[in-house]
Amino acid sequence: MNFSLFDDHASDTVWTEDLCPGAVVLRNFIKPKSEEILATLERIAAAAPFRQMTTPGGYQMSVAMTCCGDLGWVSDRRGYRYDGYDPETGLRWPALPALFLTLAQQAAAAAGYADFIPDSCLINRYLPGTKLSLHQDKDECDYAAPIVSVSLGIPASFLFGGPRRQDRVRRILLTHGDVVVWGGPARLYYHGIAVIKSDAHPLLGPQRINLTFRKAG
Ligand code: MD3
Ligand code: FE
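In the working numbering, the protein residues as written are -6 to 210.
So, in structure tokens, the structure goes:
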């Protein structure tokens, strides 16, 4: 029995898992497009390189980030915010590619959000040993719009809490090709990524990349 061939076949199947009211996992949703997505990401990162931002408290984030779209998320000693310009290059962020917009809208529609128009895509790059501490996403203007998250590369243990920081946290494994749509009551829930384990993905090597599509402005 060739287990790796068996697994690769099985993991092309798309299915949905409801996490809680407002949050849906679409397993393997973008897997057929992953090569095209990666080629597009290389072009974006050439224009707006990945960088480790500084938190308002003065710590360097372990996750490296870049953005595309009309607005990009930035953090520095002055705070967190969305900005139309990349502070590293002084240029506008690369445009949101049509491929990304279409995938984000198809995922949102599959989760019940018919008219999602994102104006921002935050691109997070995790290497083994990096993490994203528990937080809420509160820098966007419109909490009625969902956030669509796309996972690529090595797996991550996603930490999913509730509306209060002290709420019990569930762990969900997110793997290459998974999409999660977060809206409704889940939109302001605390969440994070546990320390990434050493691993290698056939297309991405020892890294995980997460795209989050947002209506920021
Ligand atoms: C649940 N990113 O960029 S994506 C972030 O995998 C962020 O890089 C993680 O949290 C990552 O802010 C998690 C899943 C996600 C994104 C936004 C959410 C889950 C969410 C907003 C509200 C609730
Ligand atoms: Fe977040």
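Built from N, CA and C at the ideal position, the CB exists for glycine as well.
Under the three-state reduction of DSSP, L204 is assigned to strand. Annotation: the segment 133 to 161 contains the following complete segments of the beta strand (DSSP E) (minimum length 3 residues), in chain order: 140 to 146, 149 to 153. Sixteen is the threshold: since fewer than 16 other Cβ atoms of the shown chains lie within 10 Å of the Cβ of A137, the residue is exposed.
In the three-state reduction of the DSSP assignment, G177 falls in the helix class. Residue range 27 to 40 is occupied by the alpha helix (DSSP H) that includes A39. Looking from the CA of P148, the closest CA among P121, K131, S126 belongs to P121. Separation of A38 and A32 (C-alpha to C-alpha, rounded to the nearest whole angstrom) is 10 Å. Within the model, the alpha-carbon separation for M54 versus L89 is close to 24 Å.
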